[in-house]
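Residue numbers for the sequence shown follow the numbering used here, beginning at 10 and rising by one. Structure, as C-alpha cells:
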Amino acid sequence: MGTEPIPQGNALATWTHAMKVEDLSLNPNPQPTRSGARVLATFSLRTGEMLVRDFMYAELPSGTRTLWSPKSRRTEHPLITLTQEARYQVLDAIAGHLADLRRLAA
Numbered sequence: 010m011g012t013e014p015i016p017q018g019n020a021l022a023t024w025t026h027a028m029k030v031e032d033l034s035l036n037p038n039p040q041p042t043r044s045g046a047r048v049l050a051t052f053s054l055r056t057g058e059m060l061v062r063d064f065m066y067a068e069l070p071s072g073t074r075t076l077w078s079p080k081s082r083r084t085e086h087p088l089i090t091l092t093q094e095a096r097y098q099v100l101d102a103i104a105g106h107l108a109d110l111r112r113l114a115a
C-alpha cells in the first residue's frame with residue numbers, strides 16, 4: 010500500500026505516495042549536537058492510514074537543512090528510507106510551515 014518492504018526482514022520501507030506532515034513541534038532553543046547539527050523541529054508523517062512519528066528537521070553546520078528518520082531502538086538503523094523526491098517534498102512542506110509560523114509571529 011504505497012510502501013515497498015526491503016527484503017532483509019527488518020522494518021525498513023521505501024515510501025512512494027503522498028505524505029502529510031503532522032504534529033510539527035518547534036524546538037525553541039536548538040542546541041548543537043556533537044556533530045554541530047541543530048534539531049529545529051520534530052514531526053510525524055502520515056501516508057494513507059500509517060503514521061510514522063519522531064522525524065527530525067535539522068540544520069547542519071553548513072547551513073543545509075535535512076531530515077533525520079526515526080531509528081529502531083533495537084538496531085539504531087533508520088526505520089524507513091524516503092525517496093529523494095519524497096525528502097524534497099517533506100523539506101518544502103516543513104519550510105512552508107515554518108514560514109507561516111514566522112508570518113503569524115510577526
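C-beta: ideal position from N, C-alpha, C; glycine also.
Around the C-beta of residue 104, fewer than 16 other C-beta atoms lie within 10 Å, and the residue is accordingly described as exposed. Burial is judged here by how many other beta carbons sit within 10 angstroms of a residue's own beta carbon; residue 66 has at least 16 and is buried. Rounded to the nearest angstrom, the Cβ distance from residue 28 to residue 49 is 19 Å, too far for a contact under 8 Å. Under DSSP, residue 51 takes part in a beta bridge, and its partners are 34, 65.
Under the 8 Å Cβ criterion, the region 88-96 does not count as touching the region 105-115, having fewer than three qualifying pairs. Between residue 37 and residue 47, the C-beta spacing is not below 7 Å. Counting only residues of its own chain and dropping the five nearest sequence neighbours on each side, residue 100 has a CB closer than 7 Å to the CB of 74, 76.
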